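These notes concern the structure reproduced below.
In this note's numbering, the protein residues as written are 66 to 1089.
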């Protein structure tokens, strides 16, 4: 018997969060395998997963229907399907209305809302046992000839009676019936996971969910033969007739750029050309180089052909606004290779000084807008965001989504709760996990946390966690990807509220936008830009004249000398352990070498084996050879070693006959290699092309191996050049204006690798005086105070006082008399400080000018605030003189109240004890010879585990003399995992490894000495 044709019209993916138990890709693949005519993805008030379903359906050759499920305020449940483009716009607008009418994660819709957008949509009524004829008549009126009753027979008791009742209801209301599956999973085997998702959604263990759980596993994609045994043939045939009415495809979506930026009487092309030419004359006052003119005209011609003018004008307008408000910004991405973007001051990378690859910038074959990222000061980016909302309106702009997916810790926590594990057990398990753990490590971690790996419940936990990994948990807002449109954006993609007030986001993420070719401008936040702006202001104050980025001298040898000694704490991009290890080897002496430095110390070049060949060639230890003149033209600037993504693309073009568009697809495959494995599709084409052009097999294989390495994050030259500009600027400030630079970094926290404590210690090592927080002298921010003939001192600001709110601090500053407060009582009375604020200042020793010492300040504050009756203390009351705390107690209090100390370093107080155990200081480790056994002890201030195959962990220990850089190999990290991840004070026994100025302590054994810190609380900054 031939099974009947069938189209599933009611199917939820896992983008119906904590309901659907399968990925859209799994549902599409299963529907295609079962021979379905079509599949509708109908996530609840959402189109968040529809682009993923589209991609999968195109690859599978399956018809995809776009729809959504809704539960209205009165309980009525519907599935709405979009038969055409106009209906799709109505559906997206309805979802937007529902989501914008409720807090994030919820929606709210009424029958009136649906009726107002019902003119083109198809409706399936999900009638429950309480359904009445009045509901059916309302649907028939709203959706004439476009409404059906969904009959969902799921092999439950009463199926036959249900079918009979729904057919009768349909006759009564004039509504035909259609078969439907209420699908929540692609296979029956996902039923257990679906139960767990239900429990997670309800916030209770599965055992307590009762009737909220489905009674069986029938809500999966069933075979057509099985369906034929359940449903009348007419109801199955109706699914196909409905599917045939739904001819809409997401391919029909056409994007239109905002057009208001073009002056009346001008075309977009003419306006962009005019701005570009004017900008080039400003950039090159002595005359625009002929090559730059030629490139500009080539770019403008292609931009006009592809109608991308509005894209560039939109970015230009955004950057112009930021600059008008004195907000530092800088563009990067493929646009940094563009003359247009340089002329429009979107980017600062001079195209005359870099190798341009136009196919990386924009591609006719790719037929999508170029990628432009613009970094803004992280503390002022919100001003730019609100400008964009004002400029284009809430109906025409929104932020892209980021899909927050389940990872190991979140999956273990949620599944564990659903299975009934208690919170203490889950916390113990979570504490044993670190960022580098693999899924295969979970059984071992469970044992370490005290779980029985043979327990049925634990086995179930592991199985369900494995299934849940990668599932979407919720939509969050992208870090800054803005989407604009000429008309209402909600007719392209639904919008919803974000957790932050005054923001909205679309339901698609970055990959979805790329696939749909929607314009996205990345309005990103960069802490270093905030720090640079602050530093420039401080330098201007010190020098008595304006100071800006353009005032920094170029190619200063002393700046590069400082870099070559790895004196780069706080310097943008070259402050990490890996970069600081590379700097003395690479010894950059000019800007382009800094560009290479930034790109070279990345997982891509490391995995691809590019680092050591480059170093050997730069140091004259290896000959530089090229298999052809064409390859030499591509690789000569990096000594024959491909370091940048653009070079890989150029190699494919010149050596394997790729077109620029094909080369960009290669770049995209590199970026997605780990997820998709699509890079292998290029192997034969690349190698065959190179062999055909006379290159040796060994060369071809080596190039492909290097390309595979780039899949682990190869860096584009355009990004690296943009970053190098900021790296050089921050390095110059550190070299010549260290006090201003450090002050700006502290005021811009949180950012970078280093805490304020480490930045202050580094400044002290550079002979910068640091002055304590003082309620009589400090501002909110850290400030500079003059010193005759010397670098200014840094006065620490009230921002560092923990538990002191900014409002209270502002009252302290606003009410402070010119001569300072006369007494603690005056401070408390005039600034209106409550117990919390006054105690916070006392704890931070910020009241020493008024009370003498921390203990005295607390005593006085307690007397002032007796009964919390502000202003009632007796100013003239006689005070009891209390002794100061001991040095060690003061240090502990400093860390607890501000996170740093200007007194003795904590480790210095233990130095005698450590010396008795032959534990060396950081300075002594630096003086050791290569291969010398040594041991050291310090506070753990950083752990890094780069994503390379070696599995090495870099640990930074801090003591009173500096830092010890420790290398912990993977086998030791596993053996002494607890000590590695749990120690605040760590002793390391090992061997010194020295290569020139680069010194590491190669760990052989670790010992946790955290107990010696007593109540001192310190934390490390751990980075992947």
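Ideal Cβ positions, reconstructed from N, Cα and C, are used throughout, including at glycine.
Everything numeric in this text was worked out from a predicted model, so none of it was measured.
Identity of the residues DSSP links to residue i by a beta bridge
i: residue 1050; result: 1004
i: residue 394; result: 441
i: residue 208; result: In DSSP, residue 208 forms no bridge with anything.
i: residue 1065; result: 1058
i: residue 585; result: 548
i: residue 835; result: 859
i: residue 1018; result: 1033
i: residue 313; result: Bridge partners of residue 313: none, in fact.
i: residue 542; result: 466
Residues near residue i in its chain [Cβ-Cβ closer than 7 angstroms; skip 5 each side]
i: residue 457; result: 323, 549
i: residue 87; result: 78, 79, 250, 251, 255
i: residue 704; result: 679, 682, 683, 689
i: residue 312; result: 148, 149
Euclidean distance between Cα positions of residue i and residue j
i: residue 623; j: residue 793; result: 11 angstroms
i: residue 579; j: residue 120; result: 12 angstroms
i: residue 1072; j: residue 1051; result: 6 angstroms
i: residue 374; j: residue 650; result: 45 angstroms
i: residue 832; j: residue 617; result: 23 angstroms
i: residue 145; j: residue 217; result: 16 angstroms
i: residue 390; j: residue 1087; result: 35 angstroms
i: residue 788; j: residue 346; result: 25 angstroms
i: residue 666; j: residue 628; result: 15 angstroms
i: residue 872; j: residue 865; result: 14 angstroms
i: residue 340; j: residue 309; result: 50 angstroms
i: residue 169; j: residue 537; result: 16 angstroms
i: residue 469; j: residue 133; result: 21 angstroms
i: residue 277; j: residue 573; result: 30 angstroms
i: residue 822; j: residue 847; result: 13 angstroms
Per-residue burial, residue i [other beta carbons within 10 Å of its own, 16 or more giving buried]
i: residue 813; result: buried
i: residue 937; result: With a pLDDT of 44 at residue 937, under the threshold of 50, the predicted position of this residue should be treated as unreliable, though the coordinate-derived value follows. The residue in question, residue 937, is exposed, as its Cβ has fewer than 16 Cβ neighbours within 10 Å.
i: residue 562; result: buried
i: residue 1028; result: buried
i: residue 392; result: buried
i: residue 757; result: exposed
i: residue 843; result: buried
i: residue 233; result: exposed
i: residue 505; result: exposed
i: residue 303; result: buried
i: residue 163; result: buried
i: residue 1030; result: buried
i: residue 543; result: buried
i: residue 988; result: exposed
Cut-off 8 angstroms between Cβ atoms - residues of its own chain near residue i, not counting five sequence neighbours on either side
i: residue 40; result: In the structure displayed, the chain extends from 66 to 1089; residue 40 sits before or after that span and is not available.
i: residue 761; result: 692
i: residue 824; result: 634, 635, 807, 810, 811
i: residue 523; result: 511, 516, 517
i: residue 1061; result: 649, 650
i: residue 165; result: 560, 561, 562, 569
i: residue 800; result: 621, 623, 624, 627
Beta-carbon proximity list for residue i, same chain, < 6 angstroms, skipping 5 on both sides
i: residue 553; result: 460
i: residue 1083; result: 1004, 1049
i: residue 380; result: 411, 437, 586
i: residue 957; result: 1080, 1081
i: residue 151; result: 185
i: residue 128; result: 103
i: residue 327; result: 333, 336
i: residue 445; result: 392
Any chain C beta carbon closer than 7 angstroms to residue i
i: residue 67; result: Chain labels in this structure do not include chain C; a single protein chain is all it has.
Checklist line | In chain order, each beta strand (DSSP E) run of at least 3 residues that lies wholly inside the region 846–874 | finding: 848–850, 858–860
Next item on the list: Mind listing, in chain order, the continuous alpha helix (DSSP H) runs of no fewer than 4 residues lying wholly within the region 464–530?
Entry: 473–483, 488–497, 507–513
Next item on the list: Scan the region 91–160 and note each continuous beta strand (DSSP E) run of 3 residues or more that stays entirely inside, going in chain order.
Entry: 103–106, 128–136, 142–146
Next item on the list: Run through the region 661–695 for me and flag every whole beta strand (DSSP E) of 3 or more residues, listed as ranges in chain order.
Entry: none
Checklist line | Continuous beta strand (DSSP E) assignments of at least 3 residues falling wholly in the region 239–311 | finding: 242–244
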